[in-house]
Amino acid sequence: VFYYTLANIAPKLCSKLRAIQLFAIAKTSIILKYVADIVLKKFMEDFEVLEKEGLTLEIVSFVIRGTVVIASGDNLGSTYIGGYKAPSSAFRKCQHCIATADDMNKEFNSHSFIPRTQDTHDHHIRKGLAPDVMHDVLEGVTQYEVKELLKHLIGEKVITVDTLNGTIETFPYCYSDVQDKPTLISQTTLNSSDHSEKQKVRFLPIMIGHKISRSDPHWQNFLLLCTIIDVILAPVLSSSIMISYLAMLIEDHHTEFIKLYFCAITPKFHYMVTLSRMD
1 VFYYTLANIA PKLCSKLRAI QLFAIAKTSI ILKYVADIVL KKFMEDFEVL EKEGLTLEIV
61 SFVIRGTVVI ASGDNLGSTY IGGYKAPSSA FRKCQHCIAT ADDMNKEFNS HSFIPRTQDT
121 HDHHIRKGLA PDVMHDVLEG VTQYEVKELL KHLIGEKVIT VDTLNGTIET FPYCYSDVQD
181 KPTLISQTTL NSSDHSEKQK VRFLPIMIGH KISRSDPHWQ NFLLLCTIID VILAPVLSSS
241 IMISYLAMLI EDHHTEFIKL YFCAITPKFH YMVTLSRMD
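Laid out in structure tokens, this is it:
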């Protein structure tokens, strides 16, 4: 499914459903057989006309021109648009650099990786594909860490499943959060791969922060992740200092995470690292 939205409207309106327009639907089998170019051909031809000739508004005799600014999608969708192999089978799994899976597990500083460039790909594909913050950060790293954190806290008897579920049920949510409040947990959900834990990241510090020692490194690492999310989702990062600050936070978080939790990290941890190199 392909959608488009205008880039020159207020950021707070961009995510509204009325600002998102459907322009194409195609089965995955068609995309795999004929590549996305066939599906997008007419759309891109129309945009080429808009870019070169523009659209004249007769009322004020004003010509409006436009172009495609960036393509945004989940990781699998972006690999098809970019012409990459699917992440599951690719030797180099990142759209923005040439890191291998082994590299991703060892290095957490974006400057340790060689970026994909116009010279190596004939066109600047890295600048055309936006990072997928929702799937990589909110539904990827965040839900992974929340589950590991809860397993740690429950295992150390800092909290219990019943206590946390009771708090989730009785917490005074505001009207905008009632329909999207965190789901109740069980040992089954803590060991599964569903994405419901992402909802807890906003509420956990308020719900259970008073029960946890400030010196608990697992909790401190989680709070560091919360800070990273605030920076990533900020409407504007006004200086290169903030970008460097984000890179430092991500490196510190990932380095500590692999020390605290005895589990393999996923490629989405690496995709977070590349966020500080988006230009």
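Per UniProt numbering, residue 1 is the first one in the sequence shown, and the count goes up by one each step.
Cβ coordinates follow ideal geometry from the N, Cα and C atoms, glycine included.
Beta-bridge pairing of residue i - partner residues as DSSP gives them
i	result
C97	P115
F43	Its beta-bridge partners do not exist; DSSP assigns none.
R277	Paired residues: none, contrary to the question.
R92	T100
A57	Note on residue identity: the sequence assigns Leu, not Ala, to residue 57. Its beta-bridge partners are F62.
L129	A71
Continuous alpha helix (DSSP H) stretch holding residue i: start and end
i	result
F23	Careful: F23 lies outside any alpha helix (DSSP H), inside the beta strand (DSSP E) at 21-24.
I64	First-last for I64: 62-64, but that is the beta strand (DSSP E), not the alpha helix (DSSP H).
Y271	267-273
F262	No alpha helix (DSSP H) holds F262; DSSP gives it neither H nor E.
K147	142-155
T170	161-170
L138	Looking at the DSSP string, L138 is not in any alpha helix (DSSP H), and its letter there is neither H nor E.
K12	11-14
Separation of residue j from residue i, as counted between CA atoms
i	j	result
T266	F257	12 Å
K42	D230	39 Å
V273	F47	33 Å
Q21	D132	19 Å
T167	Y261	26 Å
A24	L225	36 Å
H254	L76	23 Å
L129	Y80	11 Å
L149	I185	13 Å
H60	F171	Inspection of the sequence shows that residue 60 is occupied by Val rather than by His. Distance between the alpha carbons of V60 and F171 is about 55 Å.
E45	N165	53 Å
G209	A247	26 Å
K27	V69	25 Å
L57	V39	29 Å
R202	K181	10 Å
S78	S72	7 Å
K211	I159	8 Å
Cβ neighbour criterion (16 or more within 10 Å) applied to residue i
i	result
L32	exposed
Q143	buried
R65	exposed
T94	Checking the displayed sequence, the identity of residue 94 turns out to be Cys instead of Thr. Buried.
H218	buried
residue 291	There is simply no residue 291 to check, as the chain begins at 1 and stops at 279 in what is shown.
L17	exposed
F62	exposed
L6	exposed
S244	exposed
K268	buried
N- and C-terminal bounds of the beta strand (DSSP E) containing residue i
i	result
Y175	Counting along the chain, Y175 falls outside any beta strand (DSSP E), and DSSP gives it neither H nor E.
Y4	2-4
Inset, instruction - Please go through the stretch 182-252 and give each complete alpha helix (DSSP H) segment of 4 or more residues, from N-terminal end onward. - result: 187-190, 204-208, 217-232
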